Structures are given as C-alpha cells and as structure tokens.
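Engineer: The working numbering numbers the first residue of the sequence shown as 748 and each following residue consecutively.
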Amino acid sequence: MGVDAEYGHVVSETANTGQATAARPSTILIVGGGPAGLFAAERLSARGHKVTLVERMPSVGRKLMMAGRGGLNLTHSEGLKDFLTRYGNDAKPIVGAIHGFRPNELILWAHGLGQDTFVGTSGRVFPKAMKASPLLRAWLQRLRAQGVEIVTGERWVGWDGNGQMLFRLEKSGAEAGSHRRPADAVVLALGGASWPRLGADGNWTEFLRTHGMAVTPWQPANAGVHIAWSPLMRDKFAGTPLKRIGVTVAGGGQVHGEAMVTRNGLEGGAIYAVGAELRRVMADGPGVLHLDLKPGMTVGELSKALARPRGKQSLANHLRKSAGMPPVMVAMLHESFGRSLPAEPEALAAAIKNVPLTVTGFAGLERAISSAGGLALEEIDARGMLLKQPGVFVAGEMLDWDAPTGGYLLQACFATGKLAADGVMAWLAAKSASDAVSAAVATPIGTGA
Ligand SMILES: Cc1cc2nc3c(=O)[nH]c(=O)nc-3n(C[C@H](O)[C@H](O)[C@H](O)COP(=O)(O)OP(=O)(O)OC[C@H]3O[C@@H](n4cnc5c(N)ncnc54)[C@H](O)[C@@H]3O)c2cc1C
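#1: Whole-angstrom Cβ separation of Leu821 and Leu853, contact assumed at under 8 Å?
#2: Scan the segment 826-878 and note each continuous beta strand (DSSP E) run of 3 residues or more that stays entirely inside, going in chain order.
#3: Just how far apart, CA to CA, sit Val1106 and Val1035?
#4: Would you be able to state if there are at least three C-beta pairs under 8 Å between the segment 942-957 and the segment 980-993?
#5: Please classify Glu901: is it buried, with 16 or more other beta-carbons within 10 angstroms of its beta-carbon, or exposed?
#6: Among all the DSSP beta bridges, which residues are the ones paired with Pro967?
#7: Can you say whether Phe786 is buried or exposed, counting buried as having 16 or more other CB atoms within 10 angstroms of its CB?
#8: Does Val1046 come out as helix, strand or coil in the three-state DSSP assignment?
#9: For Thr1105, which beta-bridge partners are listed by DSSP?
#10: Could you say which of Ala1078, Thr952, Ala1177 and Arg790 lies nearest to Thr987 if we only look at CA atoms?
#11: Does the beta-carbon of Met1076, which I'm using as the reference point, lie nearer than 7 Å to any heavy atom of ligand 1?
#12: Taking only heavy atoms of ligand 1 into account, decide whether any of them is closer than 7 Å to the Cβ of Arg790.
#13: Rounding to the nearest angstrom, what Cα-Cα distance links Ser806 and Leu800 in this structure?
#14: Measure the CB-CB distance between Ala1006 and Leu989 and report whether it falls below 8 Å.
#15: Is the Cβ-Cβ distance between Ala844 and Met1145 less than 8 Å?
#16: Do you know offhand how far Ile1099's Cα is from Pro1092's?
#17: Quick one: what does DSSP say Glu922 is sitting in, helix, strand or coil?
#18: Please determine, among Gly1004, Gly779, Ala1030 and Arg1027, the residue with the shortest C-alpha to C-alpha distance to Ile1018.
#19: Determine, using beta carbons only, whether Gly870 and Ser919 come nearer to each other than 8 Å.
#20: Helix, strand or coil for Val1184, going by three-state DSSP, please let me know.
#21: Would you check if there are 3 or more beta carbon pairs closer than 8 Å linking the segment 995-1004 to the segment 1047-1057?
#22: Going by other Cβ atoms of all chains shown within 10 Å of its Cβ, with 16 needed for buried, is Thr768 buried or exposed?
#23: By the 10 Å Cβ neighbour count, where 16 or more other Cβ atoms means buried, how is Ser1181 classified, buried or exposed?
#24: Quick check: the Cα distance between Ala793 and His1037, rounded to an integer number of angstroms?
#25: If Pro850 sits next to Gln1158, beta carbons under 8 Å apart, how far is it from one beta carbon to the other, in whole angstroms?
#26: Count the other C-beta atoms from every protein chain shown that fall within 10 angstroms of the C-beta of Glu953, then say buried if there are 16 or more, exposed otherwise.
#27: To the nearest angstrom, report how far apart Ser1117 and Phe914 are at their CA atoms.
#28: Roughly how many angstroms separate the alpha carbons of Val778 and Gly818, rounded to a whole number?
#29: Does the beta carbon of Ala947 fall short of 7 Å from some heavy atom of ligand 1?
#30: Could you please give the first and the last residue of the uninterrupted beta strand (DSSP E) stretch that includes Ile803?
#31: Quick check: does the Cβ of Trp903 come within less than 7 Å of any heavy atom belonging to ligand 1?
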C-alpha cells in the first residue's frame, strides 16, 4: 500500500499485477457553509473524498450573499508583499495559507465559475456581476456535481466522550437530543461572530473552550465608530460620504479612503482600516481619530488656496470654492473645532489637515463586517489541525486573525479553507500509511496476506 503524494489518496497494489487501485474514499465532515467550508468541500470532493457539509441555517453562503450587496470584493490586486502586511505581525498561519493560495489563484477560480473580474480604481478586485449570487449558484452546482452532500438546519453542538461529532436539529431547541455524524476527518469553518443573524453566531466557542482550547473574546472589526455628533451633524449629514480623506490614529500611518457619516458616528473603508489600531488605543482610554480632509494637498498649498480674497462669502462658500470642500467637510470642521476654528489661512489649512474626533466606542458585532477574536492561532498546527483534537481542522473567520476590508477577509477564508482541505488529505494519508505499517507488523510471516 502506498500514498499518492499530491492528493493523499491511499492506493493499494494487487499482488499479481502491481496495478494501483484506489482504496475506500474517506468520509469527511465539514461544518459551516461559508466560503471557507465550501472551498474545503470543493477541494476534498474533487479528490474523490465523500464530503458532507453541515450548515445550521436553511441555506449556505448567507454572509457571502450579504457581502455581495455592496459589491463583492473578492481580493486585492496589490503586490503580495504589501497584501500580506494587512494581516499584522501575529498571523503567521494565515500568511502561510495565503502563500499557498494567492490572490491571482482566487481570481482564476472565480473565472472558472464563469465570473469575470475587474480591478476597481482602489485596486480591489470584484466579479463583473458585482453581486455574489451568480458565483454562489455556479459554485453550488459544481459541488453537487462533485457529489458533496449539503445538510442544512443542523447545528454542531460539540463532541461526545469518544470524540464523535454531535449535532442537533436547529428547529428542535436546546432540550432536544443530539445525534452523531461519524467521519474520518472534520473541517470546522464556523465563521466569526459578526452579523449573527446570517448564521455565524460564535456559539461554538464554548465547545472548544471545554476541550481546553484558548479562544480570544470577540470584538467587532471593520465596524463603524461612535462619535457624539451634534443634532445638526446627525440630522443633516447622516448618510453623506466623505470622499478622499486621510485617517490617522495615535500618530500611526495615514490611511487614505472614504468614510460615511452615520447617525452615531462614522463607518467605511478608511475607518475600518484603522480599527485595529484604534481598538488597541482604546484599551487604555479614549480614542481620537484624526481626519485629513485634504490629503492630496500640503498645508502650504492649502493655505495658499485659502489666502484668496474671501470677500463677503460665507466660510462654507469660501472653502468650497477655494479648496473644493463640500458642506459635510465644513460641518466636520465646526463639529471638531467649534468656535476655535481659526480664520487665518495657514492655521485654517493646518486645522483642515488634522480634524480630531473623539471616538466613544465601536458599532456592535451585529453590524460589523467582521469580528476580531476567535480560536487562538496557537491551537492549530501548520496544516490547520487542532493540536488538542487530531483529525479536526479549522478554517476561515473562526480563527483569531483580523484584516481590513479590501478583499483581505475573503482571500484569507478561501486560503485557510484550502489549507485545511490539504491538511485533511495529508493527515489521512499519513494515518493510512501508519495503519498499514501497524497491520504489516501485526501480520504473521508466511500467511501470504
Ligand atoms: C456586510 C458584509 C460585507 C462584507 N463584504 C466583504 C467583501 O466585500 N470582501 C471580503 O473580503 N469580505 C467581506 N465580508 C466578510 C466575509 O463575508 C467573511 O469574512 C466571510 O464570509 C467569512 O467566511 P467563513 O466561511 O469563515 O464564515 P461564514 O461566511 O460566516 O460562514 C460560517 C458558516 O458556519 C455556520 N455555522 C456557524 N456555527 C455553526 C454550527 N454550530 N453548526 C453548523 N453551522 C454553523 C454559519 O451559519 C455560517 O453559514 C463582508 C461581511 C459582511 C457582514
């Protein structure tokens, strides 16, 4: 008996012909029907394994569908070196996984499902259809064709005393009994804890904690921030975008992008991008966002523009005409500086380029795009397997990593889905090989077996 090095299939050689024949395909259980779980299912079923994917909601891919509502940002076109910096310094397994499934591979995969892509002005990559539904439809068709069984409406509720996976029908309530689903290997892809009504509610953390695994508490990531606006700001400008701004936290690097005024504060890509830094700062006290409303101009250039004679124009008109600033930016200046907003061009220019806003908190998990926290990365090996539960692999947002919006979230979910699937195959192959050695050792010489 030997092992197919690439795919981990166990093959046995018949004594007479030396011909290789495939052994029994392994039964693999995947829990969670988001991008990470679906991708693991695709890869494992493509290699001939019998895959059952169990999802607690009535259908799979609900968060993916929601992600497509604002334009499905699949990945990013920037160079890999810069790309990988988006995951911070503490996410080595995630970086390793992305080395194994790079942005261009995700793009090719989407093309393979008939979804052409384009690169937006910000470098983000989207399917031409923008939404997720055509991609998900084609994907599910492929999975069905590869024999993946998808079971919906069942929640994983932990392990029994023998390490068997326990499930309960979602509709039956907590008091109902559970049933077992045996498997040769398992991939958990249960998601994080944001937008719980889409399925990923983070309830699985207790099952892993019970088995002695470290789980970092959930926090909203890529979430809006709360700012105590004046009634004028809230009522007049909620829903208004702030285009081409710079955002800084605690003297860190400036992030360029867009934000949107909400009734409670600000949201949008530029705000999400500084979220991790802001959370760190706010662990010790209040957080302050510094907005640069004119990142494309130096203080000198701006003060020169503002030095043009103002005549009888209102400040709002003057700022609009001389510096191209819309009313929402002028309101932002008043909001931050109040009566102390300087009139002298150079001081005014400096104020425009550094508008401090005190952040009182983050929007909750229920509306955050992603969540920070989850299963500690120290709990898995380089193949994505739980060190304390061999044969169980983990993928996607349920792991404790964090990244800004820009396609980095989906890329990491796909990449860890692939890592886990490949890990399953390698693990099964190694197990079969060692079982075969044990069997051979146990077989008495001369039996001809
Ligand atoms: C509004 C919004 C917009 C977004 N836009 C983008 C974007 O444009 N680009 C991007 O990169 N990312 C985006 N994201 C983030 C991205 O969608 C997620 O990071 C990604 O879906 C996570 O994939 P996952 O497979 O790890 O988890 P999920 O997609 O959350 O899937 C996990 C699945 O597991 C199931 N599950 C959980 N617990 C159990 C259990 N006990 N038993 C059985 N099943 C269970 C859940 O029901 C769920 O279906 C967006 C998210 C939101 C909310």
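Every residue, glycine too, gets a C-beta built ideally from N, C-alpha and C. Since the model is a prediction, treat every value here as computed from it, not as a measurement.
Structural biologist: Quick look at the numbers:
#1: Start at 1 with the first residue of the sequence shown, and residue 821 comes out as number 74. Start at 1 with the first residue of the sequence shown, and residue 853 comes out as number 106. Right, their Cβ atoms sit about 6 Å apart.
#2: 864-866 and 871-874
#3: Counted from its first residue, the sequence shown places residue 1106 at position 359. Counted from its first residue, the sequence shown places residue 1035 at position 288. Whole-angstrom Cα-Cα distance: 6 Å.
#4: no
#5: Residue numbering aside, residue 901 sits at position 154 when the sequence shown is read from its first letter. Under this definition Glu901 is a buried residue.
#6: Against the sequence shown, residue 967 aligns to sequence position 220. Paired residue(s): Ser1118.
#7: In the sequence shown, residue 786 corresponds to position 39, counting from 1. The residue in question, Phe786, is buried, as its Cβ has 16 or more Cβ neighbours within 10 Å.
#8: The count along the sequence shown starts at 1 and reaches residue 1046 at position 299. Of the three classes helix, strand and coil, the one that applies to Val1046 here is helix, per DSSP.
#9: Walking along the sequence shown from the start, residue 1105 turns up at place 358. Val1035.
#10: Here residue 987 is taken as the residue at index 240 of the sequence shown, counted from 1. Thr987 has its Cα closest to that of Ala1078, out of Ala1078, Thr952, Ala1177 and Arg790.
#11: As a working mapping, residue 1076 is identified with position 329 in the sequence shown. Flag unset: Cβ of Met1076 not near ligand 1.
#12: Counted from its first residue, the sequence shown places residue 790 at position 43. The answer is no for Arg790.
#13: Taking the sequence shown and counting its residues from 1, one reaches residue 806 at position 59. Taking the sequence shown and counting its residues from 1, one reaches residue 800 at position 53. Cα to Cα, Ser806 sits roughly 11 Å from Leu800.
#14: For the purposes of this step, residue 1006 is taken as residue 259 along the sequence shown, with counting starting at 1. For the purposes of this step, residue 989 is taken as residue 242 along the sequence shown, with counting starting at 1. Against a cut-off of 8 Å, the Cβ pair of Leu989 and Ala1006 comes out as a contact.
#15: The residue you call residue 844 lines up with position 97 of the sequence shown. The residue you call residue 1145 lines up with position 398 of the sequence shown. In this structure, Met1145 does not lie closer than 8 Å to Ala844 by Cβ.
#16: Start at 1 with the first residue of the sequence shown, and residue 1099 comes out as number 352. Start at 1 with the first residue of the sequence shown, and residue 1092 comes out as number 345. Looking at the two C-alpha atoms, the distance is approximately 10 Å.
#17: Mapped onto the sequence shown, residue 922 falls at position 175. Coil.
#18: Position 271 of the sequence shown, counted from the start, is the residue given in the question as residue 1018. Nearest of Gly1004, Gly779, Ala1030 and Arg1027 to Ile1018, Cα basis: Gly1004.
#19: As a working mapping, residue 870 is identified with position 123 in the sequence shown. As a working mapping, residue 919 is identified with position 172 in the sequence shown. Going by C-beta atoms, Gly870 is not nearer than 8 Å to Ser919.
#20: Here residue 1184 refers to the residue found at position 437 when the sequence shown is read from its first residue. Correct three-state label for Val1184: helix.
#21: no
#22: Taking the first residue of the sequence shown as position 1, residue 768 is located at position 21. Note that Thr768 has pLDDT 37, beneath the 50 cutoff, so the model's placement of it is unreliable and the number below is only indicative. Answer is exposed; the Cβ neighbour count stays below 16.
#23: The residue given as residue 1181 occupies position 434 in the sequence shown. So Ser1181 counts as exposed.
#24: Walking along the sequence shown from the start, residue 793 turns up at place 46. Walking along the sequence shown from the start, residue 1037 turns up at place 290. Cα to Cα, the separation comes out at about 50 Å.
#25: For this step, residue 850 is matched to residue 103 along the sequence shown. For this step, residue 1158 is matched to residue 411 along the sequence shown. At roughly 6 Å, the Cβ-Cβ gap stays under 8 Å, so Pro850 and Gln1158 are in contact.
#26: Here the question's residue 953 lines up with position 206 in the sequence shown. Exposed.
#27: Here residue 1117 corresponds to residue number 370 of the sequence shown, with the count starting at 1. Here residue 914 corresponds to residue number 167 of the sequence shown, with the count starting at 1. If I take the Cα positions, the gap works out to 26 Å.
#28: In the sequence shown, counting from the first residue as 1, residue 778 sits at position 31. In the sequence shown, counting from the first residue as 1, residue 818 sits at position 71. Cα to Cα, the separation comes out at about 27 Å.
#29: Taking the first residue of the sequence shown as 1, we reach residue 947 at position 200. Checking the Cβ of Ala947 against ligand 1 gives yes.
#30: Taking the first residue of the sequence shown as 1, we reach residue 803 at position 56. Inspection of the sequence shows that residue 803 is occupied by Arg rather than by Ile. Run containing Arg803: none; DSSP gives neither H nor E here.
#31: Counting from 1 along the sequence shown, the entry for residue 903 is found at position 156. Within the cutoff, so yes.
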